[in-house]
Amino acid sequence: MHNIWLVAQQEFLTNIRKRSFLFAMFGVPLLMGVIFAITFLVEIQAEEDGIVAERIGYVEQSEVLTQENEIYTSYPTVGSATTALDNDEIDVFFVITPLYLSTGEVRLYSYGNVSDDTRDDIELFISENIIENVVSDAPPERLIDPVDTTLFLQNTQRELTFQGLIGLFLTPIIFAVVLMMALQLSSTFLMSGVQEEKGNHIMEVLITSITPYQLLTGKLLGLGALGLLQMLVWIVLGTVGIALAPEADFLSGIVLPLEYIVVILIFFVLTYFLYSSLLAGIGAIAGSEQESRTIAGGISLLLGVPLFFTSLLIFNPESPIFTFMLFFPFTAGMTYMLKYPFTPIPLWQVMISLSLLAVTTVFVTWASAKVFRWALLLYGKRPSIKTLWQVIRGKQEMGVITDTNATQEASA
Amino acid sequence: MTSAIQVDNISKWYGDFQAVQDLSFDVHQGEIFAVLGPNGAGKSTSIRMILDIIKPDSGNIRIMGAPMSDATKNRIGYLPEERGLYKTVKVLDMMIYLGRLKGLDKASAKSRAMTLLEQLDLADNANSKVDELSKGMQQKVQFAVTIMHQPELIIIDEPFSGLDPVNRLVIKGLIEDLREQGTAIVMSTHQMNQVEEMADRMLMISRGQRKLYGEVHEIRNEYAQHAIIIEGEGQWEQLHGVAGVEDVNNRQAAKLLHLQPDVTMDEVLAAIAQSPDTNVQRFERAVPSLDEIFIRVAGEKTYA
């Protein structure tokens with residue numbers, strides 16, 4: 001145990017200082033923050049673009065406006081209003097045309113574009129005036145904005161607002177991408193670490209101190225902790241970022257139930273071990289770092305497969321393809337994460353999914369440890385699938401390829 | 413006294429190829445033990461079996477009197493032939509990590525590392541990254557890592573490869589000090605002069621089999637010819653008991669005198685003393701160098 005802890009600590013502390021990790025942990029969210037900020041600023045700018053009127057004139061040709069308001073000045077004709085505009089007595093003026101009641105036509109006159117805010121103000125002013133003439137027991141706000149729907153999902157016992165719906169849709173995707181990136185980073189570190197130690201032969205010294213199983217377990221734990229830390233930092237930074245960005249209110253509807261987070265964490269840990277130990281095994285037998293990166297990239301893509309089905313999820317979350325992906329260990333975690341917000345997943349399905357994932361993870365970790373142990377002293381040769389199968393069944397010895405035809409000592 | 417290593421009749425097959433055949437030997441505490449053999453003779457396989465990296469198919473290995481265990485591993489220092497270090501880690505940090513893996517606590521790992529770095533004249537580099545060091549410096553750091561946990565058994569593959577003469581002396585001194593302290597040192601090497609200078613006993617394997625085993629000087633004497641190396645002036649062919657005269661390598665001055673089977677060295681010396689025209693600067697038994705023995709033994713079957 002002591003050795004596992006030492007290796008875990010070493011892996012954690014060495015890799016956390018790496019520039020590539022620091023960039024991924026802080027640089028990526030910062031970059032995304034900057035991109036979001038620019039997008040929002042451009043949007044806000046667009047809304048505020050144009051004249052923000054403080055003095056507004058109007059010409060009434062339909063007898064709709066009856067209210068007095070100090071901002072709004074009434075003019076009898078378009079001509080007099082135009083003169084007032086020219087003399088800078090008002091910033092803009094609007095004309096309620098004679099056909100207003102049947103067409104809703106209102107004409108706005110100004111020098112230059114008029115901001116969205118001012119347009120909204122004028123609309124509200126007209127609405128309030130119209131409601132004045134309506135005989136109703138309902139309060140005026142209801143007449144202006146009569147419907148504010150809240151969807152109550154019977155199956156998940158959760159309320160859903162319109163904002164929440166967007167959040168609901170975005171959250172799992174954000175989560176999934178974060179998981180994928182964290183997983184990819186830590187498993188890449190794991191693999192290149194193994195490559196380095198093999199390449200510089202320090203492995204031979206290490207395995208006279210500790211067993212390959214201790215080494216692999218220590219690495220998995222140390223880098224797993226690093227991956228979790230990375231996710232945590234991203235989530236914290238993301239939350240702070242959202243809190244700081246007032247325009248991002250569409251995300252405010254995100255309410256994640258505790259059970260969802262707990263189950264996701266279980267899925268995360270199992271999925272992490274599944275992929276990382278697989279990649280560690282591959283890292284130990286791959287010929288070069290480049291080759292192992294390519295393989296790692298391909299395998300990590302498997303994790304993202306459920307993301308391709310997001311649109312299907314919206315229209316048909318009950319599709320059997322999701323049940324299949326939920327049971328398939330390599331996509332289980334991601335599928336659960338994506339599907340949960342849309343439709344209830346029966347407990348028995350979650351249990352089956354978790355069990356299959358756990359069994360597969362244990363098997364892959366065990367088999368990878370065998371391959372890892374065997375390949376540690378193997379240099380420059382790539383074993384065949386058949387050889388690997390023999391290794392997993394314990395028929396091959398460390399650092400040795402026993403072929404039926406040729407026999408070589410790995411280090412000779 | 414228990415042997416540091418006791419190897420009894422180990423064999424190892426790789427498929428149809430027998431890498432090690434029925435090999436037995438002991439390594440004692442406080443001795444330098446050389447393992448020699450041509451490339452592919454089974455040296456690495458034997459060392460890996462001793463280190464419990466691979467298991468023998470048959471036979472038995474005991475380390476410090478018991479089968480290998482995790483606790484025993486911490487009493488061994490191993491320096492493989494192709495050696496490496498973590499390139500981007502600071503020397504001291506790396507030594508502390510590797511020392512702790514060998515069972516040292518953090519504080520003693522640090523103080524041991526610093527002591528060794530000072531001994532090896534590397535104290536100023538403790539906080540440098542490994543890839544900032546010269547190759548010779550890295551070799552010394554590797555050696556320091558091997559001995560920092562004060563192992564009772566040290567196994568080194570080619571201890572002097574890549575070292576300049578000054579650093580070679582430093583490492584040689586350290587190894588000899590360790591022997592004085594009772595450490596058993598196994599060195600696998602091709603550098604025969606180092607074995608002649610340093611090793612107490614030796615094992616030579618060829619094609620997985622034990623060819624020579626025992627005290628270094630006894631083995632050399634065993635292989636000594638019935639001959640004398642002589643340097644000086646005289647009519648050596650006419651000397652009593654001399655069967656033939658040969659040049660020794662390229663050195664013109666020295667001659668190899670083959671003796672008749674029933675003549676002793678003393679009789680030849682007496683004959684030289686009695687002949688008036690001789691002048692002797694060197695007179696010694698023709699003991700072959702390990703190089704010559706190596707080539708003879710390794711060549712016997714491999715190339716015959």
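Going line by line, the protein sequences match chains A and B. Reading the first sequence from the start, the letters are residues 1 to 412 in our numbering. Reading the second sequence from the start, the letters are residues 413 to 716 in our numbering. Positions of the beta carbon are idealized from the N, C-alpha and C atoms, including for glycine.
Residues in its own chain within less than 6 Å of residue i by CB, not counting five upstream and five downstream?
i, result
"Gln-637 (chain B)", "Ala-698"
"Gly-241 (chain A)", "Gly-33"
"Val-59 (chain A)", "Tyr-75, Val-78, Ala-81, Val-95"
"Leu-143 (chain A)", "Ile-131"
"Arg-632 (chain B)", "Val-699"
Out of the options, which has the shortest C-alpha to C-alpha gap to residue i?
i, options, result
"Ile-567 (chain B)", "B:Ser-436, B:Met-549, B:Leu-463", "B:Leu-463"
"Gln-603 (chain B)", "B:Asp-438, B:Gly-449, B:Val-419", "B:Gly-449"
"Leu-513 (chain B)", "B:Ala-519, B:Thr-676, B:Asn-486, B:Thr-601", "B:Asn-486"
"Ile-508 (chain B)", "B:Ser-470, B:Gln-554, B:Lys-467, B:Arg-613", "B:Gln-554"
"Val-607 (chain B)", "B:Lys-584, B:Gly-427, B:Glu-679, B:Gly-574", "B:Lys-584"
"Leu-201 (chain A)", "B:Leu-624, B:Glu-494, B:Glu-696, B:Pro-673", "One detail in the question is off: residue 201 (chain A) reads as His in this sequence, not Leu. With distances taken between Cα atoms, His-201 (chain A) lies closest to B:Glu-494."
"Thr-14 (chain A)", "A:Ile-131, A:Gly-193, A:Trp-374", "A:Gly-193"
"Ile-96 (chain A)", "A:Ser-74, A:Pro-76, A:Ser-62, A:Thr-66", "A:Ser-62"
"Ser-28 (chain A)", "A:Gly-238, A:Ala-138, A:Ile-321, A:Leu-108", "The sequence shown places Val at residue 28 (chain A), rather than the Ser named in the question. The option with the nearest alpha carbon to Val-28 (chain A) is A:Gly-238."
"Tyr-109 (chain A)", "A:Tyr-100, A:Phe-93, A:Ser-102", "A:Phe-93"
"Glu-627 (chain B)", "B:Gln-418, B:Ile-422, B:Asp-438, B:Phe-429", "B:Asp-438"
"Gly-104 (chain A)", "A:Val-64, A:Ile-4, A:Ala-176", "A:Val-64"
Straight-line CA distance for residue i to residue j?
i, j, result
"Gly-644 (chain B)", "Val-557 (chain B)", "50 Å"
"Asp-659 (chain B)", "Ala-666 (chain B)", "7 Å"
"Arg-694 (chain B)", "Ala-639 (chain B)", "14 Å"
"Thr-714 (chain B)", "Ile-459 (chain B)", "Since pLDDT at Thr-714 (chain B) reaches only 43, below the 50 mark, its modelled position is unreliable, and the value read off the structure follows with that caveat. In a straight line, the C-alpha of Thr-714 (chain B) is about 22 Å away from that of Ile-459 (chain B)."
"Leu-185 (chain A)", "Phe-706 (chain B)", "53 Å"
"Ala-362 (chain A)", "Leu-545 (chain B)", "It is worth fixing the name first, because residue 362 (chain A) is Val in this sequence and not Ala. If you take the alpha carbons of Val-362 (chain A) and Leu-545 (chain B), they lie about 42 Å apart."
"Ser-187 (chain A)", "Ala-367 (chain A)", "17 Å"
"Val-501 (chain B)", "Met-25 (chain A)", "21 Å"
"Glu-415 (chain A)", "Ala-8 (chain A)", "The question about residue 415 (chain A) has no answer here: the residues shown for chain A are numbered 1 through 412."
"Gly-218 (chain A)", "Met-616 (chain B)", "39 Å"
"Leu-668 (chain B)", "Ile-641 (chain B)", "5 Å"
"Gly-548 (chain B)", "Asp-576 (chain B)", "7 Å"
"Thr-343 (chain A)", "Leu-183 (chain A)", "26 Å"
"Glu-54 (chain A)", "Tyr-340 (chain A)", "49 Å"
"Leu-30 (chain A)", "Ser-20 (chain A)", "14 Å"
"Thr-601 (chain B)", "Gln-230 (chain A)", "48 Å"
"Asn-69 (chain A)", "Pro-98 (chain A)", "22 Å"
"Ser-288 (chain A)", "Lys-522 (chain B)", "34 Å"
"Val-233 (chain A)", "Val-598 (chain B)", "51 Å"
"Ile-444 (chain B)", "Thr-414 (chain B)", "16 Å"
"Ala-280 (chain A)", "Ala-519 (chain B)", "32 Å"
"Ser-384 (chain A)", "Ile-587 (chain B)", "43 Å"
"Pro-468 (chain B)", "Pro-700 (chain B)", "35 Å"
"Ser-127 (chain A)", "Leu-313 (chain A)", "40 Å"
"Ile-473 (chain B)", "Gln-433 (chain B)", "14 Å"
"His-670 (chain B)", "Glu-570 (chain B)", "36 Å"
"Val-305 (chain A)", "Arg-373 (chain A)", "31 Å"
"Ala-406 (chain A)", "Gly-283 (chain A)", "Caution applies to Ala-406 (chain A), whose pLDDT of 38 falls short of 50 and renders its modelled position unreliable; the model cannot decide the point."
"Ala-221 (chain A)", "Thr-323 (chain A)", "At residue 221 (chain A) the sequence reads Leu, which differs from the Ala that was named. The alpha-carbon atoms of Leu-221 (chain A) and Thr-323 (chain A) are separated by roughly 30 Å."
"Lys-370 (chain A)", "Phe-40 (chain A)", "52 Å"
Which residues in the same chain have their Cβ closer than 7 Å to the Cβ of residue i, if we skip the five residues on either side of it in sequence?
i, result
"Leu-516 (chain B)", "Arg-524, His-561"
"Ile-16 (chain A)", "Leu-226"
"Val-692 (chain B)", "Ile-642, Gly-644, Ile-684"
Once the 5 residues before and after residue i are set aside, which same chain residues still bring their CB inside 8 Å of it?
i, result
"Leu-417 (chain A)", "Look at the range of chain A in this structure, 1 to 412, and you will see that residue 417 (chain A) is not part of it."
"Ala-431 (chain B)", "Lys-424, Trp-425, Gly-454, Thr-457, Gly-620"
"Tyr-336 (chain A)", "Val-263, Ile-264, Phe-267, Leu-326, Ile-345, Val-350, Ser-353"
"Glu-564 (chain B)", "Ala-416, Gln-441, Met-476, Arg-487, Ile-488, Gly-594, Thr-595, Ala-596"
"Glu-679 (chain B)", "His-652, Gly-653"
Could one say the Cβ of residue i lies closer than 8 Å to chain C's Cβ atoms, at least one of them?
i, result
"Val-447 (chain B)", "Among the protein chains in the structure shown, which are A and B, there is no chain C."
Check your understanding: Would you say the region 319-339 of chain A touches the region 271-288 of chain A, given that touching needs at least three Cβ pairs under 8 Å?
Key -> Here the region 319-339 of chain A makes contact with the region 271-288 of chain A; the two share three or more CB pairs at distances below 8 Å.
Exercise for review: Report the residues of the region 473-499 of chain B with a CB closer than 9 Å to any CB of chain A, ordered along the chain.
Suggested key: Here the close residues are Asp-482, Lys-485, Asn-486, Ile-488, Gly-489, Tyr-490, Leu-491, Pro-492, Glu-493, Glu-494, Arg-495, Gly-496, Leu-497, Tyr-498, Lys-499.
Review point. Closer than 8 Å, Cβ to any Cβ of chain A: which residues of the region 508-540 of chain B, in chain order?
Key: For the region 508-540 of chain B, the set of positions with a beta-carbon nearer than 8 Å to some beta-carbon of chain A reads Tyr-509, Leu-510, Arg-512, Leu-513, Lys-514 in chain order.
**Study point:** Selection of the region 176-205 of chain A by Cβ proximity to chain B, strictly under 7 Å
**Key:** Correct list: Asn-200, His-201, Ile-202, Glu-204, Val-205.
Check your understanding: Using a Cβ cut-off of 7 Å, which residues of the region 271-288 of chain A contact any Cβ in chain B, in chain order?
Key -> Result list empty, no residue passes.
Point to revise | Near-chain A residues of the region 567-584 of chain B (beta-carbon distance less than 8 Å), N- to C-terminal order | key: Result list empty, no residue passes.
Practice item. Using a Cβ-Cβ cut-off of less than 9 Å, give me the residues of the region 457-468 of chain B that come near chain A, in sequence order. Key: Of all residues in the region 457-468 of chain B, Thr-457, Arg-460, Leu-463, Asp-464, Ile-465, Ile-466, Lys-467 have a Cβ within less than 9 Å of some Cβ in chain A.
Review point. Taking a cut of 8 Å between CB atoms, which residues from the region 649-662 of chain B lie near chain A?
Key: For the region 649-662 of chain B, no residue has a beta-carbon sitting nearer than 8 Å to a beta-carbon of chain A.
Point to revise | Contact list for the region 208-235 of chain A against chain B, Cβ threshold 7 Å | key: Taking 7 Å as the Cβ-Cβ cut-off against chain B, the residues of the region 208-235 of chain A that qualify are Thr-208, Ser-209, Ile-210.
Check your understanding: If contact means a Cβ-Cβ distance below 7 Å, which residues of the region 5-25 of chain A contact chain B?
Key -> So the list reads Leu-6, Gln-10, Thr-14, given in the order they occur along the chain.
Check your understanding: What residues in the region 310-339 of chain A bring their beta carbon closer than 9 Å to a beta carbon of chain B?
Key -> Taking 9 Å as the upper bound on Cβ-Cβ separation, chain B lies near no residue of the region 310-339 of chain A.
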